[in-house]
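Chemist: Pasting a structure here, questions to come.
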């Protein structure tokens, strides 16, 4: 029996709660994963998992073995790293929990990463809310806002600024918006995230200013609001990550560029600090780089030398 290999599979089964997920990661059959677990149970003479048709849970003896196995595996991984004996290219599957907006933004930038690491597989799990990362079989998640689960390991990854946007055609037809209070005279497109979704807050020289906008279009999906804005239906208030590429392409133009909205904190979250796979670290760094690219945007301005209202250009820090 390959004891170390079997222990590695044991740890991943415990972390993912699924034989199937580990089989996909290791590119072996589900029966092969079960065989490794059975060999460990036979070797140590204990039962490691309680199995039902709906759930897989670790037994008391299984937790004891995990407690001793994890530092052993971490030590081996460290030795391989120091001695340059681990694979030069990270491989395997990384499941990442993302909002729809973040998923679209990152997906368009993912091909370069996959081309550089041909043995890496990335799966985006899209949703606005995530429960237990182990039950959801997530290796990593990008969370927006304050975190309530102290059991998970998290790193502050940046901020998610919000911005008001509309098409250049809409702004030309209705006239520019010079201050937040003027939004009440415009058609606004509201991303419905709960009570007071139509209250938009901006940072002004005199402090924060909130405006309750009127709208004939609400949607609980930010992508629907973005598409309505691109169709010229009105002014939208969305995360910059949602409309970043539209601004670069000139499909949308910034509104109220002198009145930014407060940013929302972003956190990278993962289940355990121990034995974080190199592939997961690689994807974490990829996401951090993309967030830093957005954070380099100090302001969004309109190039007055362009025709009509101009083409929005992103002014970056130097």
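Residue numbers (our numbering): 1 to 318. A virtual CB, placed ideally from N, CA and C, is assigned to each residue, including glycine.
(1) Name the two residues that bound the continuous alpha helix (DSSP H) containing residue 23.
(2) Could you have a look at residue 16 and say whether DSSP puts it in helix, strand or coil?
(3) Can you give me the Cβ contacts of residue 187 inside the same chain, cut-off strictly under 6 angstroms, excluding the 5 residues immediately before and after it?
(4) Assuming residue 14 and residue 66 are in contact, meaning their beta carbons sit under 8 angstroms apart, how far apart are those beta carbons, in whole angstroms?
(5) Roughly how many angstroms lie between the CA atoms of residue 26 and residue 268, to the nearest whole one?
(6) Is the stretch 104-117 touching the stretch 57-72, taking contact as three or more C-beta pairs under 8 angstroms?
(7) The beta strand (DSSP E) spanning residue 185 covers which residue range?
(8) Indicate the three-state DSSP secondary structure (helix, strand or coil) for residue 242 in the structure shown.
(9) Quick one: what does DSSP say residue 117 is sitting in, helix, strand or coil?
(10) In angstroms, rounded to a whole number, what distance separates the CA positions of residue 136 and residue 171?
(11) With a floor of 4 residues, list each alpha helix (DSSP H) that falls wholly inside the stretch 155-199, ordered by position along the chain.
(12) With a cut-off of 8 angstroms, do at least 3 Cβ pairs link the stretch 154-167 to the stretch 256-263?
(13) Could you pull out every residue in the same chain whose Cβ sits closer than 7 angstroms to the Cβ of residue 93, ignoring the five residues on either side in sequence?
(14) When we look at the beta-carbon of residue 195 and count the other beta-carbons within 10 Å, is it buried (16 or more) or exposed?
(15) Three-state secondary structure (DSSP) at residue 91?
(16) Would you tell me roughly how many angstroms separate the C-alpha atoms of residue 61 and residue 133, rounded to the nearest one?
(17) If I follow the unbroken beta strand (DSSP E) through residue 215, where does it start and stop?
(18) Can you tell me the Cα-Cα spacing of residue 243 and residue 3, whole angstroms?
(19) Report the option in 57, 45, 198 whose CA atom is closest to the CA atom of residue 11.
(20) In whole angstroms, what separates the C-alpha of residue 169 from that of residue 251?
(21) Here's the rule: buried if 16 or more other CB atoms are within 10 angstroms of the residue's CB, otherwise exposed. What is residue 284?
(22) Whole angstroms is fine: what's the gap from residue 52's alpha carbon to residue 21's?
(23) Assuming residue 198 and residue 216 are in contact, meaning their beta carbons sit under 8 angstroms apart, how far apart are those beta carbons, in whole angstroms?
(24) Could you give the distance in angstroms between the alpha-carbon of residue 291 and the alpha-carbon of residue 227?
(25) May I ask you to list the residues that DSSP assigns as paired with residue 140?
(26) Considering only their Cβ atoms, is the gap separating residue 96 from residue 40 smaller than 8 angstroms?
(27) To the nearest angstrom, report how far apart residue 225 and residue 192 are at their CA atoms.
(28) What did DSSP end up calling residue 85 once you bin it into helix, strand or coil?
(29) Which partner residues does residue 265 have in the DSSP bridge list?
(30) Going straight from the alpha carbon of residue 143 to that of residue 17, what length do you get?
(31) For the beta strand (DSSP E) that residue 207 lies in, which residues bound it at each end?
(32) Exposed or buried, residue 320, counting other C-beta atoms within 10 Å across all chains shown (16 or more means buried)?
(33) Taking C-alpha atoms, which residue in 48, 90, 164, 190 lies nearest to residue 278?
(34) Please identify the residue among 208, 255, 119, 155 whose C-alpha is closest to the C-alpha of residue 174.
Modeler: Straight from the coordinates:
(1) As a first step, residue 23 must be located in the chain shown, where it is residue number 23. Taken as a continuous stretch (DSSP letters only), the alpha helix (DSSP H) holding residue 23 covers 19-26.
(2) Indexing the chain shown from 1 puts residue 16 at position 16. Residue state, collapsed to three classes: helix.
(3) Locating residue 187 in the chain shown gives position 187, counting from the first residue. Residues of the same chain with a CB within less than 6 angstroms of the CB of residue 187, apart from the 5 flanking positions on each side, are 234 in chain order.
(4) Residue mapping note: residue 14 aligns to position 14 of the chain shown, counting from 1. Residue mapping note: residue 66 aligns to position 66 of the chain shown, counting from 1. With a beta-carbon spacing of about 6 angstroms, residue 14 and residue 66 fall inside the 8 angstroms limit used to define contacts.
(5) Locating residue 26 in the chain shown gives position 26, counting from the first residue. Locating residue 268 in the chain shown gives position 268, counting from the first residue. Approximately 24 angstroms between the Cα atoms of the pair.
(6) With the cut-off at 8 angstroms, the stretch 104-117 and the stretch 57-72 do not touch.
(7) Locating residue 185 in the chain shown gives position 185, counting from the first residue. Boundaries for residue 185: no beta strand (DSSP E) harbours it, and the DSSP string shows neither H nor E there.
(8) Locating residue 242 in the chain shown gives position 242, counting from the first residue. Here residue 242 sits in helix by DSSP.
(9) As a working note, residue 117 is residue 117 in the chain shown. Looking at residue 117 - three-state DSSP - the assignment turns out to be coil, as it is neither helix nor strand.
(10) Counting from 1 along the chain shown, the entry for residue 136 is found at position 136. Counting from 1 along the chain shown, the entry for residue 171 is found at position 171. Each residue's Cα considered, the two are about 43 angstroms apart.
(11) Taking only runs of at least 4 residues, the alpha helix (DSSP H) segments lying wholly in the stretch 155-199 are 168-174.
(12) Here the stretch 154-167 makes contact with the stretch 256-263; the two share three or more CB pairs at distances below 8 angstroms.
(13) Start at 1 with the first residue of the chain shown, and residue 93 comes out as number 93. Correct list, in chain order: 24, 25, 121, 123.
(14) As a working note, residue 195 is residue 195 in the chain shown. Taking all protein chains shown into account, residue 195 has fewer than 16 neighbouring C-beta atoms within 10 Å of its C-beta and is therefore exposed.
(15) Counting from 1 along the chain shown, the entry for residue 91 is found at position 91. It is coil, neither helix nor strand.
(16) By one-based count along the chain shown, residue 61 stands at place 61. By one-based count along the chain shown, residue 133 stands at place 133. Our two residues, residue 61 and residue 133, have alpha carbons roughly 23 angstroms apart in a direct line.
(17) The residue given as residue 215 occupies position 215 in the chain shown. Where residue 215 is concerned, the enclosing beta strand (DSSP E) stretches over 215-219.
(18) On the chain shown, position 243 is the one that residue 243 refers to. On the chain shown, position 3 is the one that residue 3 refers to. Roughly 50 angstroms separates the two Cα atoms.
(19) The count along the chain shown starts at 1 and reaches residue 11 at position 11. Scanning 57, 45, 198 for the CA closest to the CA of residue 11 turns up 57.
(20) The residue you call residue 169 lines up with position 169 of the chain shown. The residue you call residue 251 lines up with position 251 of the chain shown. It is roughly 10 angstroms from the alpha-carbon of residue 169 to the alpha-carbon of residue 251.
(21) Working through the chain shown from its first residue, we reach residue 284 at position 284. Classification of residue 284: buried, given that the 10 Å Cβ count is 16 or more.
(22) As a working mapping, residue 52 is identified with position 52 in the chain shown. As a working mapping, residue 21 is identified with position 21 in the chain shown. Spanning the two alpha carbons is a distance of roughly 16 angstroms.
(23) Position 198 of the chain shown, counting from 1, holds the residue named residue 198. Position 216 of the chain shown, counting from 1, holds the residue named residue 216. Rounded to whole angstroms, the Cβ separation of residue 198 and residue 216 is 11 angstroms, and the two are not in contact under 8 angstroms.
(24) If you number the chain shown from 1, residue 291 lands on position 291. If you number the chain shown from 1, residue 227 lands on position 227. Rounded to the nearest angstrom, the two C-alpha atoms are 23 angstroms apart.
(25) Here residue 140 corresponds to residue number 140 of the chain shown, with the count starting at 1. DSSP, once it has assigned bridges, lists 96 as partnering residue 140.
(26) Indexing the chain shown from 1 puts residue 40 at position 40. Indexing the chain shown from 1 puts residue 96 at position 96. Taking 8 angstroms as the Cβ cut-off, residue 40 and residue 96 do not qualify as a contacting pair.
(27) Within the chain shown, numbered from 1, the residue matching residue 225 stands at position 225. Within the chain shown, numbered from 1, the residue matching residue 192 stands at position 192. Cα to Cα, the separation comes out at about 9 angstroms.
(28) On the chain shown, residue 85 is found 85 positions in, with the first residue counted as 1. Legend: pLDDT at residue 85 = 41, less than 50; position of this residue unreliable, value from coordinates given subsequently. Three-state result, residue 85: coil.
(29) Counting from one through the chain shown, the residue named residue 265 turns up at place 265. Answer is 159, bridged to residue 265.
(30) Start at 1 with the first residue of the chain shown, and residue 143 comes out as number 143. Start at 1 with the first residue of the chain shown, and residue 17 comes out as number 17. Each residue's alpha carbon lies about 22 angstroms from the other.
(31) If you number the chain shown from 1, residue 207 lands on position 207. Per DSSP, residue 207 belongs to the beta strand (DSSP E) from 207-212.
(32) No answer is possible for residue 320: the residues shown for the chain start at 1 and end at 318.
(33) Along the chain shown, one-based indexing puts residue 278 at 278. The shortest Cα separation from residue 278 among 48, 90, 164, 190 belongs to 90.
(34) Residue numbering aside, residue 174 sits at position 174 when the chain shown is read from its first letter. Measuring C-alpha to C-alpha distances from residue 174 to each of 208, 255, 119, 155 identifies 255 as the nearest.
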